[in-house]
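Heads up, the thing below is written out as structure tokens.
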Amino acid sequence: MVSTVQNTDVKQKESDHAVVVAVASRAVFEPEAQGGDNVYAEGVAFPLLQALQKVNERLLEENSAESLLFDIVLITTDSQQQQQSSHLISSTKHYGLEVSRFCFSTEEDFIESLLQNNVQLFLSTDRNEVSQTSQKGVLSALLDEYTTSCPSEQLRVLFCRDAVIRPDTNPTPASRQAAQSFSAQLGKMRQRFGMSDSPLSIALMTSCGGRDSCGGALRTLRSLGISVDEAYCLAGSPRGPILSVLRPHFVLSDCFSGLED
Amino acid sequence: MSEMKPSDVATVEDSSQEKDWAAAKAFFDNLKSNKPIPPKPQFAVSIAVSSRTVFNMVRLEVAAPPPHPPLPTPPVNNFPLESELALMNVNSRLRELYPDSEELFDVILMTNNPAQVGVRLINSINHYDLTIERFCMTGGQSPIGYLEAYMTNLYLSKDSDKVTEAIEAGIAAATMFMPEKEMELSDTQLRVAFDGDAVLFSDESEIIVKKHGLDTFFEHEKRYENQPLAQGPLKCFLEALGKLQRKFYSKNERLNCPIRTFLVTARSAASSGARVLKTLRSWGLEIDEALFLAGAPKGPLLQKIRPHIFFDDQMFHIEGAKDLGTIAAHVPYGIGQKYHKGKLIEQPAKNE
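Chains A and B, in that order, give the protein sequences.
Basically this note's numbering = 1-based index in the first sequence + 32.
Basically this note's numbering = 1-based index in the second sequence + 653.
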């Protein structure tokens, strides 16, 4: 059974224009560790949420009537988390997180919940959840060990082409479509800021191909309306050392069709 | 998540690295152009160059927005072309002799430019058919972390602040100065010239010259002849070149070796040269030709040697080299930075 609760502490976003991002509650709060007063400890996605909020803040500074904002939804993806609903709400309010609403669902129905809420990007630390969601056509990305050491003052998004990230699943046409439309909106948001001092930084990495692969990827992103800030062409060099300097909050790889050269 | 032992973590990382490598190899093997895959960074001698070192960037500035056609841009001087050819010749000779080895040169483009300029940079690289497959367009972020991630052996840039930062981080680096006139350079043998003190060696002896004069310097060097000098910022690069040279020597290619190194020092052979040679020997390093100038200007000698690049810590020598047609690379290290033509530069009082 799914229930959606609005966060009365936060102004709701215009649903037609906002970019809905759902983050799994397990990523936001440490379910096992509790501070005092039934408040959860910060999870790995904390810097991410702060960075999303920073982008909203700066967008509104540029234009107080801006409607292209991130609309952050906290979602539970299993019954255990679903039962901790009141703690999740009170912890969210305690930290003043800009979460518009909470979706309390279980393993069986969380994807349905994502679809109902028009979620354009789903973020989780659980590989299976990400994989299942992607199969159903919702753009999703895995939060991993890099996420926790990311900056909270700037949202860093990495588009990765041709990396062997999910070898067993190729992007479905639906998820590619979802990726492209999310990315286009991200591109529009990026245009609201200048070249330097932007709260949003978009990077591209090509892992296996040579420079022409990277050139092609840059052109693909440009056709989606995305001007990339940073680009890295690895041509086979290990990704780890580069990623630990780059520190993206999350990685998107579904924009690129496997058929491109 | 279960506890992972350090060795488990290492294996997981290694195996995903190997997967990436295998995928990259497959990609390059399938290319019609027959370009070889660049070598693995942990084995390669990696040289990172800034975009301004390679191209005249003025025409690439973000002036015309896309979808204007890309402008091919002539490289600055001849630096990339003949050096590129010489480097690639070393690589093709090494591949012939050691088909399975990853100990090769690799050139990485390291630029501050935003990636919007990226497509044009790539088109320019294609236009000149340069062998650069790896690049970092950092969009304003410091390159230092990426230089370390690529295990860079040498960083060349026109930005002296970045070069200084790199040297402070322990990476061999130098600021490029291009001559006006072009000098003919070999396209088959890579020729690299180094100054000694404060480049290959520490500046400990130079400090003595500057503070106590030449006579004290000569006495000191004689007394400590058998004590090796401490290493300088470019010692590791000489070492990397030496490693590649020895691969040719072991296959009886010493006479034909496509890498040649030179020491060009203001020291004189008689009074202070021995310590330098003994230091190199104690490090297990060879240098092909050691030229002791005893204070004579370096420019004319460099004109005869025709190196692809000459490293020195003193701007006086850099200018002298550049004025006579040698591509000079300034190493901003040591006490030489506080002096110009032997006189102490007045430093402005620092504001706290």
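Each residue gets a CB set at the ideal place from its N, CA and C atoms; glycine is no exception.
- Counting other Cβ atoms within 10 Å of its Cβ, TYR902 (chain B) stays below 16 and is therefore classed as exposed.
- Around the CB of LEU80 (chain A), 16 or more other CB atoms lie within 10 Å, so the residue is classed as buried.
- Beta-bridge annotation (DSSP): TYR992 (chain B) is paired with B:LEU997.
- Taking 8 Å as the cut-off, the Cβ atoms of PRO280 (chain A) and LEU190 (chain A) count as close.
- Within the DSSP secondary-structure output, ASP667 (chain B) pairs in no beta bridge.
- Bounds of the alpha helix (DSSP H) holding THR124 (chain A) are 117-127.
- Residue contact check for ILE690 (chain B) against chain A: a CB pair falls below 8 Å.
- Comparing alpha-carbon positions, the option among B:ASP753, B:LEU750 and B:GLN794 lying closest to ALA263 (chain A) turns out to be B:GLN794.
- Shown here, PRO832 (chain B) sits in coil according to DSSP, grouped into three states, outside any helix or strand.
- In this structure, ASP110 (chain A) keeps its C-beta atom at 8 Å or more from the C-beta atom of LYS45 (chain A).
- The bridge partners DSSP lists for MET790 (chain B) are A:ALA263 and B:THR764.
- Nearest in C-alpha terms to SER96 (chain A), of all of A:ASP176, A:ARG159 and A:ARG224, is A:ARG224.
- For VAL772 (chain B), the C-beta contacts it makes with chain A under 8 Å involve GLY247, LEU250, ARG251 and ARG254, in order along the chain.
- One thing to note: VAL984 (chain B) has its Cβ within 8 Å of the Cβ of VAL852 (chain B).
- Nearest CB-CB separation between LEU266 (chain A) and chain B: below the 8 Å threshold.
- The alpha-carbon separation between PHE134 (chain A) and PRO270 (chain A) amounts to approximately 39 Å.
- Taking a C-beta cut-off of 7 Å against chain A, the contacting residues of the stretch 733-767 of chain B are PRO767, listed in chain order.
- Runs of alpha helix (DSSP H) with 4 or more residues, each lying fully within the stretch 234-284 of chain A, are found at 243-255 and 271-278, listed in chain order.
- Non-local beta-carbon contacts of SER117 (chain A) in its own chain, meaning distances under 6 Å to residues more than five positions away in sequence, involve PHE136 in chain order.
- Within chain A, ARG243 have C-beta atoms less than 8 Å from the C-beta of ILE785 (chain B), given in sequence order.
- Close partners of ILE778 (chain B) in chain A (Cβ separation under 8 Å): ARG243.
- Beta-bridge partners of GLU74 (chain A) (DSSP): A:PHE61.
- For ASP976 (chain B), the uninterrupted alpha helix (DSSP H) run begins and ends at 968-976, by DSSP.
- Counting only runs of 3+ residues, the beta strand (DSSP E) found wholly inside the stretch 815-900 of chain B occupies 826-830 and 843-847, in chain order.
- Cβ contact annotation for THR828 (chain B) (same chain, cutoff 6 Å, sequence separation greater than five): SER813, VAL816 and HIS983, in chain order.
- Using a Cβ distance threshold of 8 Å, LEU106 (chain A) and VAL162 (chain A) do not count as a contacting pair.
- Taking every protein chain shown into account, the CB of TYR877 (chain B) has fewer than 16 other CB atoms within 10 angstroms, so this residue is exposed.
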